[in-house]
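> One structure, pasted below without further comment.
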Amino acid sequence: METIQSISDKFNFHLSRSGNCFSLHMPFNVANKDDQKKYKHFLERADKNKVLKKLPNLHEEAFKKIDCLSCASCCKNYSPRFKTPDVKRISKHLAMKESEFIDTYLIVDEDGDFVVRSTPCPFLGVDNFCSIYEVRPSDCVRFPYTDEDVLIKRQKLTLKNASFCPIVYHVLDKLSEVNLKA
Ligand code: SF4
Ligand code: SF4
1065 METIQSISDK
1075 FNFHLSRSGN
1085 CFSLHMPFNV
1095 ANKDDQKKYK
1105 HFLERADKNK
1115 VLKKLPNLHE
1125 EAFKKIDCLS
1135 CASCCKNYSP
1145 RFKTPDVKRI
1155 SKHLAMKESE
1165 FIDTYLIVDE
1175 DGDFVVRSTP
1185 CPFLGVDNFC
1195 SIYEVRPSDC
1205 VRFPYTDEDV
1215 LIKRQKLTLK
1225 NASFCPIVYH
1235 VLDKLSEVNL
1245 KA
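Here is the structure:
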């Protein structure tokens, strides 16, 4: 069974493979090593308030351009954390006891978080739809954080996400095109 290897930076999907995005046969552009260097440089120097002002439009633009249903890279290769309210909500939705839900789908990772036993996520359908979409974990609701200050506050996390999520890549690419220096 493939090991769920969590990344050190919390508040994120957990890395389930050691390979990078280029082994995932992504249909969209994602950040390569050179891009990551460029975006790291940008994020370190950008004015936080100027970036935050740009995010809503760029977030919307990225979601119009990139169809998550044609991607599902996050659900195929990573696990969200299943926090206590998530477990309660989802197990109720599935008419399962919480303990049964946990035993069936989850393991505890090295950080003490519940994550899926293996990837792809067991709730991902072959059509890339999430079978528990209405009650999915809060990590899934918020991912990829392109409309939150997490994007600028958690730079390491943002750069990692840009390596597999074309939406994060798109937002960073557009942001770094304009002068948003502090
Ligand atoms: S959030 Fe990013 S990685 Fe996940 S499906 Fe959408 S584009 Fe792909
Ligand atoms: S719960 Fe749904 S949205 Fe979250 S990783 Fe699984 S399939 Fe994707």
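The sequence shown begins at 1065 in my numbering and counts up one residue at a time. C-beta: ideal position from N, C-alpha, C; glycine also.
(1) Beta strand (DSSP E) containing Ile1171: first to last residue?
(2) Considering only heavy atoms of ligand 2, does any lie closer than 7 Å to the CB of Phe1165?
(3) According to DSSP, is Phe1086 helix, strand or coil?
(4) Less than 8 Å between the beta carbons of Ser1143 and Thr1183, yes or no?
(5) Look at the alpha carbon of Gln1100 and the alpha carbon of Asn1141, and state the distance between them as a whole number of angstroms.
(6) Let's see if you can read the secondary structure: which residues bound the alpha helix (DSSP H) around Phe1127?
(7) Tell me whether Cys1139 sits in a helix, a strand or coil according to DSSP, three-state version.
Taking the geometry as given:
(1) Note, Ile1171: beta strand (DSSP E), 1170-1172.
(2) no
(3) Low confidence applies to Phe1086: its pLDDT is 38, below 50, so where it sits in the model is not reliable, and the reading given next is rough at best. Helix at Phe1086.
(4) yes
(5) 20 Å
(6) Note, Phe1127: alpha helix (DSSP H), 1112-1129.
(7) helix
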